[in-house]
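As structure tokens, the structure follows; a few thoughts come after it.
Protein chains in written order, with my numbering: chain A, 949 to 1561; chain B, 949 to 1561.
As structure tokens, then:
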């Protein structure tokens, strides 16, 4: 009797390899440059073909959850789709957190999960789970691939699947995001009779008439632009509110044009990538301190807008959200080129599925030049006062609390830095303390689902994109959540990879001290259930993973440690050699940090209200 | 304008708390004893009510993936359902690996995920993902709970949902497994106006006519038993092959009765919990070395069976599987009380959804006493020869390779120990080297989906069940995969928790050296893609997480370290004070371990074939 798992008798090349080679040749051809591989047996043909495909870099990750976030960070920073390979079973389930984030944040990933062939599924074969549509609605496309066999069309189908997978991941079907290819593979899994990516795979990947997928971003009709121009009539109090969005080197200039033409301020979330950049110089319409300014009820009421243009996803600032909810603008225009509806407050009056940069450009043209500066000037003056108020508070105290640590970090960043900022408090501190800045520093954040998971891996992935010196700003709990992610940064493991991690360590969940539950104290077991102190000394983590480490307790020491970290990196840059991970550990007092944050907020509110007199 | 997230004006108790209190009172009443909580804001009412509910213990876990596996291990070791609480977003996605394992392994979990209320979903509100049916087909029941409001029936519905959730998790709808309650909660999230679990929650949890869910396990009909008895006629060569299954103190005695009556050997997987126990004494029908014996083609052919009774899920031994595939028995009976079909080789002739213990008992009665010992004796003699052959190989070499380390660990275990064994090589080494043993040592393994993820957390969860001194046997990659899981074992964090971790460290994926891909060497980048050496020194991990640590390089040192670990535990047992985690680190040479495994196999094969002469 032939066993179901017996190998076929054949001396021809293992069809798993013919198919996988065509698949990876096609992925490389369609724009994938990197494959994150987690070790496994069933996935052997995928791993080997990925590694042997010219044009693909591979990195190897023991933990698939970390691999998923590494791929996410890399795709986010590079703007190119990244592929993932894992074996069957719970390995694939570990991708879900990164897949969810990629789905909400619209980051292109191509997830390839090895699987048992259909005849072995649901009969209790080892390491076999139901992987069909494993990621539910979180993927833009799911395909159960054919089980490779002797079919002559294997290569053609592999190439076609690869091209389509990348197109779907890049938004062909609506918006960019993850796609899932489930790959059934029969034994034998080793490359019997196969010698490498050969002419067949090459031919399949570069056929005479290669498939090209196109989906140009839509632009607004002249009628719409005309209607929008009317909304920006002189005297209209408008605001351009920008939430987290992918870095787009074109967008800043166009937003600035519209803002100047209409005389509207730009409220720019840190992760909107509009608060810093060439368009955000000293004289720019970008304001930095909206979050603190709008905590003043008087300022908020005095500056209630008539028209709001919303770009990107929901801003991190709760003050901005409450301001709009309490002073609903007559018109609120949500722009999303991929057709989403970012409007949790139900304030939208118009939802435009158009390209934001081209919309801003044509809207600005339609408005034309004008002298409508009073409204914008009022925001600029308030922001200037806020900026001085922040500086005064920081100058009055030399203690290294969380807001100060974030502020210092921002100032110390190299001009071409990539700052990956964790959720929970770090992004909020950054929103509060980051100035308007003409340097082209990029800010990345996992603002799709706002989780604190996968931060180390996301940042290491961004570092692997090699677009600038990369820094992770994180709290201690996020670091603990993805501690194993540090493995990818171990020196020698990923040559050329370097990352500075600044960890604001208040020994637990600092954000809860800002929430109403904190007032209930031990009646709700606040320390145990919410604050969750862990008492870990990250010096040991640094030693475990071979990372550099500095514990800093003063502003001076912190500045020196940051300078060290960044100069070390730039001195290595030319050589292409990474220096791995270095951790700048900033122990922060929780209560003093909360107090400093509130002092800053109160100072800005006072400054804002002074301007109203 | 009222903001969608504004708090209602009300001085009555926060309905979130009325509802959550009833929910947790109901869970406690239905048999949940432990809730694993991960910190979050949206989940505040769930966390607070879980912690304040009499009869529930809570533990707090920063990483939801680790929390999921902790709950899995605890439920597996205790046999009782365990609840999980997390906040909204990717937090919930991190449970998927443990949910998948629990589904396949039929471990009862009640997963409670906090969520935004429906009006905030899919409008890009913060930390809001689509949690409806997030775990797909992996849960036995999904319920979207009502958003708590002023309804007078809140408590009644909460109690009813809790009772039904536990019933579904325990198999009311088919088989035990995870259930998912998605819990929408509106602000305010702190316990405004609520003072604790009160009479309403109590009354709801203990109403006049409490709901009782019952689903007795089915038993075989007399006709079936008669037919089975005929299959065990004198001279029939039968085998009872037992795969991984939940520990059942009744099953061993019944299986032994049937085996003795029919004269059939019992091939017992380590995780079947039938190779050790009171029924598995010196004279028992249980054989230990089937995996090695059946690697001899001559022995396998000579011992081809006519009838096979399969209990539990698919055994870990590939040799057993191939033996049956190459020598298909006339009859193969798969028994699964929950109606599954464990038959990847398509050999079953009868699939019985009946309780295995009662089936074995009535089948044994129907067979009656008899003298049919020759077939069984032949297996026993072979197993005896195998046992001596193993001992001879071990005695001839004092080196601490992986098989030896597993063998020594087994011998050193306290009688009432719980051994949690990792997938990949540890379970295979245990299958090869674990003797038949009359001690009631329990073996737990994640053999639902056979992943190497979550091992540390699973074992810590099992330790929290407090059923005996708990030991994790793991490889280094599984330890790396769940390194953060060690946090739950940090001294002081979970009082009373203690675990010994024996890590066989061959610096990478040792299993790949056993697979055909190893022969392809650097042409497939074997070291980088498959072996994946990491070079981590676990001494630093021990320091980071405050665990005890011993690195052992000789058998004598290893024995002393194990003795230390176990005696420390027993001396503390009475006091109820745990000593946290201690790591016994066994560096193993990969190639020498592979060689020792193959030497053992060859020795057993020779011994098996000698008996055939």
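Even for Gly, the Cβ is constructed at its ideal location relative to N, Cα and C.
Same chain, Cβ closer than 6 Å to residue i, neighbours up to 5 away in sequence not counted
i	result
residue 1438 of chain A	1493, 1494
residue 1127 of chain B	1058, 1087, 1088, 1089, 1113, 1116, 1117
residue 1521 of chain B	Residue placement at residue 1521 of chain B is poorly supported in this model, since its pLDDT is 45, which falls under 50; the coordinates are not used for a value here.
residue 1163 of chain A	1120
residue 1056 of chain B	1023, 1029, 1117, 1118, 1124
Neighbour-count burial assignment, residue i, 16 or more Cβ in a 10 Å radius
i	result
residue 1356 of chain B	buried
residue 1044 of chain A	buried
residue 1450 of chain A	buried
residue 1278 of chain B	exposed
residue 1032 of chain B	buried
residue 1504 of chain B	exposed
residue 1523 of chain B	Low confidence applies to residue 1523 of chain B: its pLDDT is 43, below 50, so where it sits in the model is not reliable enough to give any reading.
residue 1321 of chain A	exposed
residue 1546 of chain B	exposed
residue 1365 of chain B	buried
Spatial neighbours of residue i in its chain, beta-carbon cut-off 8 Å, leaving aside the 5 residues before and after
i	result
residue 1314 of chain A	1173, 1174, 1176, 1177
residue 1329 of chain A	1559
residue 1122 of chain A	1088, 1286, 1287
Chain-order list of residues whose beta-carbon lies under 7 Å from that of residue i (same chain, five-residue window excluded)
i	result
residue 1187 of chain A	1212, 1213, 1215, 1253, 1256
residue 1008 of chain B	985, 987
residue 1048 of chain A	1086, 1397
residue 1460 of chain B	1466, 1478, 1479
residue 1484 of chain B	1428
residue 1516 of chain B	1527
residue 1305 of chain A	1196, 1198, 1199, 1202
Rounded Cβ spacing between residue i and residue j (contact assumed at less than 8 Å)
i	j	result
residue 1015 of chain B	residue 1036 of chain B	15 Å between Cβ atoms; not a contact.
residue 1514 of chain B	residue 1360 of chain B	7 Å
residue 1489 of chain A	residue 1434 of chain A	7 Å
residue 1040 of chain B	residue 1030 of chain B	At roughly 16 Å, the Cβ-Cβ gap does not stay under 8 Å, so residue 1040 of chain B and residue 1030 of chain B are not in contact.
residue 1168 of chain A	residue 1300 of chain A	6 Å
9 Å Cβ cut-off: residues of chain B touching residue i
i	result
residue 962 of chain A	Ordered by position in chain B, no residue passes the 9 Å Cβ test against residue 962 of chain A, which lies about 11 Å from the chain.
residue 1071 of chain A	1262, 1289, 1290, 1291, 1292, 1293, 1294
residue 1214 of chain A	Residues of chain B passing the Cβ test: none, with the nearest at roughly 20 Å.
residue 987 of chain A	1425, 1456, 1457, 1460, 1477, 1478, 1479, 1480
residue 1485 of chain A	1491, 1492
residue 900 of chain A	Residue numbering for chain A in the displayed model covers 949 to 1561; residue 900 of chain A lies beyond these limits and cannot be assessed.
Neighbour list for residue i in chain B, Cβ cutoff strictly below 7 Å
i	result
residue 1535 of chain A	Under the 7 Å cutoff, chain B gives no residues; its nearest Cβ is about 16 Å from residue 1535 of chain A.
residue 1468 of chain A	1138, 1139
residue 1013 of chain A	1013
Neighbour list for residue i in chain A, Cβ cutoff strictly below 7 Å
i	result
residue 1476 of chain B	1008
residue 1246 of chain B	Correct list: empty, because the minimum Cβ distance to chain A is about 18 Å.
residue 1401 of chain B	1038, 1042
residue 1045 of chain B	1038, 1041, 1042
residue 1074 of chain B	1262, 1398
residue 1464 of chain B	1136, 1138
residue 1048 of chain B	1038, 1041, 1077
Interface partners of residue i on chain B, CB under 8 Å
i	result
residue 1325 of chain A	Residues of chain B passing the Cβ test: none, with the nearest at roughly 28 Å.
residue 1068 of chain A	1292
Per-residue contacts from residue i into chain A (C-beta, under 9 Å)
i	result
residue 1432 of chain B	1428, 1429, 1430, 1431, 1432
residue 1472 of chain B	992, 995, 996, 999, 1000, 1138, 1139
residue 1307 of chain B	Correct list: empty, because the minimum Cβ distance to chain A is about 19 Å.
Beta-bridge partners of residue i, as assigned by DSSP
i	result
residue 1089 of chain B	B/1127
residue 1533 of chain B	B/1451, B/1499
residue 1279 of chain A	A/1255
Contacts of residue i in chain A (Cβ-Cβ under 8 Å)
i	result
residue 1052 of chain B	1077
residue 1081 of chain B	1084
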